[in-house]
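Following: one structure in C-alpha cells, then a few remarks.
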Amino acid sequence: RAAEESLDTLTEIIRGADMVFITAGMGGGTGSGASPIIAKMARETGALTVGVVTRPFDFEGARRRRVADESVANLKEYVDALISIPNQRLIHLVDPKTPFTEAFRIADDVLRQGIQGISDLIIKPGMINLDFADVKSIMRDAGSALMAIGRGTGESRTVDAARNAIESPLLEMSIEGATGVLYNVTGGTDLTLTEINEAAEVIRNAADEDSEIIFGTSIDETLGRDVTITLIATGFQGGKSARQRGGTDRRTQRAPMEGSAPPRTPVLPDDEWAEPAILRFLRER
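Each position in the sequence shown, counted from 1, maps to that position plus 2 in the working numbering.
Rendered as C-alpha cells:
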C-alpha cells in the first residue's frame, strides 16, 4: 500500500534510468509488497529491470518462507531477470560463532555484492570491455538468473576462480543448461591468455553447448596475484535466452506492458504492512 501511495514520487525517481535494480529481503511487508509494484513501473519505462533478493533463514519460520516463495514468484513476473539468494546457505559460509545480528548484516552484504558485481561489469573499464549492451543482451527477458563471483590464487588461479563462481554454495541453481552467459576475468598485469582460456573452458563446459557466451577481461593491480571472475548466467527453463528471443539485436527496446494485470500482493498481517521508512521519507520530500 505504501508503494502504491507513492507512485508519483517513485515514477520520478525511475524516469530516465536505463537499468533498475530491485533489491529486497523477501517474506515481510516491504520487500514482498512493494518490490513487484516498483518493478512493474520500471519495466513500463523500458528500463532493464533486475531483481536481486534474499529468502528467509529457516529459523524465521515456515510462514515467512511461504510468503517469500509466493513473493519471489510474483516479482519474477515483473522483472527481466531475477537472482534469488537463500539466506540459509550463508550458514555454511560463516563461522558458527557468528552473532545473530552479524548474520543479517552478511545477508545484506550479499545483496550489495550481487548488485555491485553486475554494475562493475558495465562501469569499470577493461582490456576487453563489457558494456550495458552486453548485460542487456543476456538479462533482457531472462527470467531466472544467477550471479556469482569466484576468486582464485596460485598456479591454477583462473580455473579455481571459475569453479568457485559456478559452484558457489549461495547459488540457488546450477549454471548447467544456461543458454546465456556473461563473465569477466579480472587479474593483475601478469594475467595470461592461457589462463583466460583455461577459465573459459571451465565455464563453457558447464553451460549449454549452444549457449551465447560474452566475456571480458580487466586489470586490477590491487588483486596482487589473485584472480576474480564475475559471472552472470540466464536462459534457464522458464526464462528466454537471447538465442530463443531470435537474436541479440542490442537496439531492441521493450514496449510498455499496457493492460497488464497489477502485481499481486501476499496476504500479511497489518503490522507487517507498516510503511517503510524510505517511503515515508519520499512522501515528505
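Glycine residues also receive a C-beta, built at the ideal position from the N, C-alpha and C atoms.
Report the option in the options whose CA atom is closest to the CA atom of residue i.
{"i": "V55", "options": "S220, D110, T103, E62", "result": "D110"}
{"i": "A180", "options": "L173, F217, G237", "result": "G237"}
{"i": "V161", "options": "I130, L173, L193", "result": "L193"}
{"i": "N199", "options": "F102, V187, A209", "result": "V187"}
{"i": "I15", "options": "I40, G33, A167", "result": "I40"}
{"i": "R153", "options": "E62, L92, A36, L225", "result": "L225"}
{"i": "I130", "options": "A164, Y185, S176, Q90", "result": "Y185"}
Would residue i be called buried (16 or more neighbouring beta carbons within 10 Å of its own) or exposed?
{"i": "L132", "result": "buried"}
{"i": "T232", "result": "buried"}
{"i": "F23", "result": "buried"}
{"i": "E203", "result": "exposed"}
{"i": "D82", "result": "buried"}
{"i": "V229", "result": "buried"}
Per DSSP, which residues does residue i bridge with? Please list them.
{"i": "Y80", "result": "DSSP, once it has assigned bridges, lists no residue as partnering Y80."}
{"i": "E214", "result": "G182"}
{"i": "G145", "result": "A83"}
{"i": "V55", "result": "A26, S86"}
{"i": "L50", "result": "M21"}
{"i": "T196", "result": "DSSP, once it has assigned bridges, lists no residue as partnering T196."}
{"i": "A11", "result": "Correcting the residue identity first, residue 11 is Thr in this sequence and not Ala. DSSP, once it has assigned bridges, lists no residue as partnering T11."}
{"i": "A235", "result": "L148, V183"}
{"i": "V229", "result": "G154"}
Please state whether DSSP places residue i in a helix, a strand or coil.
{"i": "S220", "result": "strand"}
{"i": "R153", "result": "strand"}
{"i": "A167", "result": "helix"}
{"i": "V96", "result": "coil"}
{"i": "T191", "result": "coil"}
{"i": "G31", "result": "helix"}
Check your understanding: For the stretch 57-66 against the stretch 41-49, are there 3 or more C-beta pairs whose distance is under 8 angstroms?
Key -> No, the stretch 57-66 is not in contact with the stretch 41-49.
Exercise for review: Examine the Cβ distances between the stretch 142-159 and the stretch 80-100 and report whether three or more of them are shorter than 8 angstroms.
Suggested key: yes
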